[in-house]
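S.K.:
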Amino acid sequence: MKPDTILAQAGSRRDASTGAVSMPIHASATFQHPALGQSTGFDYSRTGNPTRQALEQTLADYEGGAGALAFSSGLAAIDAVLRLFSSGDAFVVTEDMYGGTFRLFENFGVQRGLRFVCVDTSDTDAVARAFCSSKAKALFVELPTNPLLKVADLPALAQCAKAHNALFIVDNTFLTPAACRPLDIGADITVYSATKYLCGHNDVLAGIVVAKTAEHNERLAYIQNATGAVLGAFESWLLLRSLKTLALRLARHEKNALVVAEFLRNHPKIHNLHYPGLSSDPGYAILGKQSSSFGGMISFETESRAKAEHILSSLKVFMFAESLGGAESLVTFPLMQTHAAYDAETLARLGITDRLLRLSIGLEDAGDLMEDLAAVL
Ligand SMILES: Cc1ncc(COP(=O)(O)O)c(C=O)c1O
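For the sequence shown, the numbering used here gives the first residue as -6, with consecutive numbering after it.
Set out below in structure tokens:
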């Protein structure tokens, strides 16, 4: 089946006993054994649950992976991937990634003996140099980065990781497999905060890992069962329901984002606008080659912190809240919210200032979004 068909029928044809078109919510912690040594295929919901399995199978099929696993949050999913590695192993990672991922790496990855080399992954030469100096076992890339929306060249990075015998892991939260398919262009593993676009309604916290090979999927399934941060049956069902409209929603997010970005580009009070869908953006050409959408995320600087605070408290359509990828447009202050885990020196070097705001463009009327911004600017 083509990708759009897989999405439209997410969870269908999976309950042969009833023929349910919508996958039922199997709210059962445990499953009755027919006899000693026999199983229905399900024993205990941490190990496997039919509703969660329908979600995992849909995502594996959609992305062309050997398997997918659903976790209770994006960070739980990333933590499981870290557990594939052993003390002493080094990672080359995106320097301006989501602050919670940075906190996980810096606090708990380092505690387990892992090393992290932070580089600008939009600079392929810098990644190659980091590999040579660190002998890293993995490359972890966010695309585009958060909140500066820098664009990495995935096929070039895949070659680089391969040349160093390293695992290539892509956090594809911002673009989703409806737009960008890292496993098709050389990545080994994709991770998602499914809380964002995959869910799309700001009502579920979830994480997904998709592995290209059966070997990695089996190891990750073992880790998932052993550590236990699985997604519940109800949340799995909500995600299955959300996946049916993923491609449609993403197209509308992008359409609205382009209208808003064009408006901001011409506004005298906006500085350092970042949206890779503008032809003037440094990431435009490269993202256009590896993604069918530029996504719905925009960031920019205002003239002062006071102005940024005024915008946060005065917008009427955008809500001041910390997330992205949902139907509702949100505005975030990365310095004190998503990136609070970074030290002041790193924030200053990266350009995450007290004037920087991040917009998650929702599904509303684009005119309402522009008028809202125009009024506060
Ligand atoms: C790119 C990215 N990866 C991972 C995460 C973590 O996901 P969660 O909040 O679902 O744990 C986030 C959260 O904002 C994110 O933006």
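Beta carbons are placed, not taken as given, at the ideal position from N, Cα and C, and that holds for glycine.
#1: Kindly list the residues whose CB is nearer than 7 angstroms to the CB of aspartate 347, restricted to its own chain and excluding five residues on each side of it in sequence; keep chain order.
#2: Could you check whether the stretch 247 to 264 touches the stretch 278 to 290, counting it as contact only if at least three pairs of C-beta atoms, one from each stretch, sit closer than 8 angstroms?
#3: Go through its chain and collect everything with a Cβ distance to glutamate 99's Cβ below 8 angstroms, but skip five positions before and after it.
#4: Taking buried to mean at least 16 other C-beta atoms within 10 Å of its own C-beta, is threonine 33 buried or exposed?
#5: Kindly indicate the opening and closing residues of the beta strand (DSSP E) around tyrosine 91.
#6: For a test of your reading of the model: does the CB of asparagine 139 fall under 6 angstroms from any non-hydrogen atom of ligand 1? Yes or no.
#7: Note down the Cα distance separating histidine 209 from glutamate 296, rounded to an integer number of angstroms.
#8: Should threonine 183 go down as buried or exposed, given a rule of 16 or more other Cβ atoms within 10 Å for buried?
#9: Curious, which full-length beta strand (DSSP E) runs of at least 3 residues does the stretch 111 to 160 contain?
#10: Kindly examine ligand 1 and report whether one of its heavy atoms sits closer than 6 angstroms to the Cβ of tyrosine 190.
#11: How many angstroms separate the CA atom of arginine 6 from the CA atom of threonine 51?
#12: Whose C-beta lies closer than 6 angstroms to the C-beta of leucine 75 among residues of the same chain, with five residues either side of it excluded?
#13: Label serine 273 either buried or exposed according to how many other C-beta atoms from any shown protein chain fall within 10 Å of its C-beta, with 16 as the threshold for buried.
#14: Count the other CB atoms, across all protein chains shown, that sit within 10 Å of the CB of arginine 342; report buried if there are 16 or more and exposed otherwise.
#15: Rounded C-beta distance between cysteine 173 and threonine 117? I'm assuming under 8 angstroms.
#16: Mapping DSSP to helix, strand and coil, what is isoleucine 162?
#17: Is it buried or exposed for glycine 30, if we count other Cβ within 10 angstroms and need 16 for buried?
#18: Looking at C-beta atoms only, is the number of pairs between the stretch 257 to 265 and the stretch 123 to 139 that lie closer than 8 angstroms three or more?
#19: State the DSSP-derived secondary structure class of methionine 290, mapped to helix, strand or coil.
#20: In chain order, which continuous runs of the alpha helix (DSSP H) of length 4 or greater are located wholly inside the stretch 215 to 250?
#21: Report yes if the C-beta distance between alanine 320 and leucine 362 is below 7 angstroms; otherwise report no.
#22: Should aspartate 358 be labelled buried (16 or more other beta-carbon atoms within 10 Å of its own) or exposed?
#23: When you measure from the CB of glycine 93 to every non-hydrogen atom of ligand 1, does any distance come out below 6 angstroms?
#24: May I ask you to report which of helix, strand or coil DSSP gives valine 252?
#25: Beta carbon of phenylalanine 313, beta carbon of leucine 305: below 7 angstroms?
#26: Whose CA, out of Tyr277, Glu315 and Leu323, lies closest to the CA of leucine 308?
#27: So, are the CB atoms of threonine 331 and glycine 92 less than 7 angstroms apart?
#28: Under 7 angstroms Cβ to Cβ from proline 170, same chain only, skipping five residues before and after it: list those, please.
#29: Kindly indicate which three-state DSSP category methionine 312 falls into: helix, strand or coil?
#30: Specify whether the stretch 219 to 232 and the stretch 10 to 19 touch according to this definition: at least 3 beta carbon pairs, one from each stretch, less than 8 angstroms apart.
#31: Quickly, what does DSSP pair tyrosine 185 with across the bridge? List them, please.
#32: Given a cut-off of 7 angstroms, decide if threonine 188 and leucine 176 are closer than it, judged by their beta-carbon atoms.
#33: Taking 7 angstroms as the threshold (C-beta atoms), are arginine 39 and glycine 221 in contact?
#34: Go through the stretch 257 to 286 residue by residue and report every complete run of the beta strand (DSSP E) that reaches 3 residues or more, in order.
#35: May I ask which residues mark the beginning and end of the beta strand (DSSP E) holding valine 86?
#36: Between the beta-carbon of alanine 61 and the beta-carbon of glutamate 49, is there less than 7 angstroms?
M.R.: Taking the geometry as given:
#1: By one-based count along the sequence shown, residue 347 stands at place 354. Cβ contact annotation for aspartate 347 (same chain, cutoff 7 angstroms, sequence separation greater than five): Arg298, Ala301 and Leu328, in chain order.
#2: Taking one beta carbon from each stretch, the stretch 247 to 264 and the stretch 278 to 290 have 3 or more pairs nearer than 8 angstroms; the two touch.
#3: Within the sequence shown, the letter at position 106 stands for residue 99. So the list reads Phe109 and Ala334, once near-sequence residues are dropped.
#4: Numbered from its first residue, the sequence shown carries residue 33 at position 40. Exposed, because fewer than 16 other Cβ atoms sit within 10 Å of the Cβ of threonine 33.
#5: Indexing the sequence shown from 1 puts residue 91 at position 98. Going by DSSP, tyrosine 91 is part of no beta strand (DSSP E) at all; its letter is neither H nor E.
#6: As a position in the sequence shown, residue 139 is number 146, starting the count at 1. Taking non-hydrogen atoms of ligand 1 into account, the C-beta of asparagine 139 is found less than 6 angstroms away from one of them.
#7: Stepping through the sequence shown from its first residue, residue 209 is reached at position 216. Stepping through the sequence shown from its first residue, residue 296 is reached at position 303. If you take the alpha carbons of histidine 209 and glutamate 296, they lie about 48 angstroms apart.
#8: Residue mapping note: residue 183 aligns to position 190 of the sequence shown, counting from 1. By the neighbour-count criterion, in which 16 or more other beta carbons inside 10 Å mark a residue as buried, threonine 183 falls on the buried side.
#9: Runs of the beta strand (DSSP E) inside the stretch 111 to 160: 131 to 135.
#10: Start at 1 with the first residue of the sequence shown, and residue 190 comes out as number 197. No, ligand 1 has no heavy atom inside 6 angstroms of this Cβ.
#11: Against the sequence shown, residue 6 aligns to sequence position 13. Against the sequence shown, residue 51 aligns to sequence position 58. C-alpha separation (whole angstroms): 11 angstroms.
#12: Against the sequence shown, residue 75 aligns to sequence position 82. Excluding five sequence positions before and after leucine 75, the CB atoms of its chain that fall closer than 6 angstroms to its own CB belong to Gly102, given in chain order.
#13: In the sequence shown, counting from the first residue as 1, residue 273 sits at position 280. Counting of Cβ neighbours within 10 angstroms places serine 273 among the exposed residues, the total staying below 16.
#14: Counting from 1 along the sequence shown, the entry for residue 342 is found at position 349. Under a 10 Å Cβ-count criterion, arginine 342 is classified as exposed, with fewer than 16 other Cβ atoms of the shown protein chains found around its own Cβ.
#15: Translated into the one-based positions of the sequence shown, residue 173 becomes position 180. Translated into the one-based positions of the sequence shown, residue 117 becomes position 124. Contact doesn't hold; Cβ gap of about 17 angstroms is too wide.
#16: Position 169 of the sequence shown, counting from 1, holds the residue named residue 162. If DSSP states are grouped into helix, strand and coil, isoleucine 162 belongs with the strands.
#17: For the purposes of this step, residue 30 is identified with residue 37 of the sequence shown, where counting begins at 1. With fewer than 16 Cβ atoms within 10 Å of its Cβ, glycine 30 is classed as exposed.
#18: No contact exists between the stretch 257 to 265 and the stretch 123 to 139.
#19: For this step, residue 290 is matched to residue 297 along the sequence shown. Strand at methionine 290.
#20: The qualifying runs are 226 to 236.
#21: By one-based count along the sequence shown, residue 320 stands at place 327. By one-based count along the sequence shown, residue 362 stands at place 369. Contact: no.
#22: As a working note, residue 358 is residue 365 in the sequence shown. Taking every protein chain shown into account, the CB of aspartate 358 has fewer than 16 other CB atoms within 10 angstroms, so this residue is exposed.
#23: One-based indexing of the sequence shown puts residue 93 at position 100. Relative to ligand 1, the beta carbon of glycine 93 is positioned inside 6 angstroms of a heavy atom.
#24: Residue 252 sits at position 259 when you count from the first residue of the sequence shown. Looking at valine 252 - three-state DSSP - the assignment turns out to be helix.
#25: Here residue 313 refers to the residue found at position 320 when the sequence shown is read from its first residue. Here residue 305 refers to the residue found at position 312 when the sequence shown is read from its first residue. Yes; because the gap between Cβ atoms is below 7 angstroms, this pair is in contact.
#26: In the sequence shown, residue 308 corresponds to position 315, counting from 1. Taking only the C-alpha atoms, the option nearest leucine 308 is Leu323.
#27: Position 338 of the sequence shown, counted from the first residue, corresponds to residue 331. Position 99 of the sequence shown, counted from the first residue, corresponds to residue 92. Yes, these two residues count as a Cβ contact at 7 angstroms.
#28: Along the sequence shown, one-based indexing puts residue 170 at 177. Once the five neighbours on either side are set aside, the close Cβ partners of proline 170 are Tyr55 and Glu56.
#29: Position 319 of the sequence shown, counted from the first residue, corresponds to residue 312. It is a strand residue.
#30: Enough Cβ pairs lie closer than 8 angstroms, so yes.
#31: As a first step, residue 185 must be located in the sequence shown, where it is residue number 192. DSSP, once it has assigned bridges, lists Ile201 as partnering tyrosine 185.
#32: The residue labelled residue 176 in the question sits at position 183 within the sequence shown. The residue labelled residue 188 in the question sits at position 195 within the sequence shown. Not in contact: leucine 176 and threonine 188 (Cβ atoms no closer than 7 angstroms).
#33: Numbered from its first residue, the sequence shown carries residue 221 at position 228. Numbered from its first residue, the sequence shown carries residue 39 at position 46. Yes; because the gap between Cβ atoms is below 7 angstroms, this pair is in contact.
#34: Listed in chain order, the complete beta strand (DSSP E) runs (minimum 3 residues) inside the stretch 257 to 286 are 264 to 267.
#35: Here residue 86 refers to the residue found at position 93 when the sequence shown is read from its first residue. That run of the beta strand (DSSP E) goes 83 to 87.
#36: The residue given as residue 61 occupies position 68 in the sequence shown. The residue given as residue 49 occupies position 56 in the sequence shown. Against a cut-off of 7 angstroms, the Cβ pair of glutamate 49 and alanine 61 comes out as a contact.
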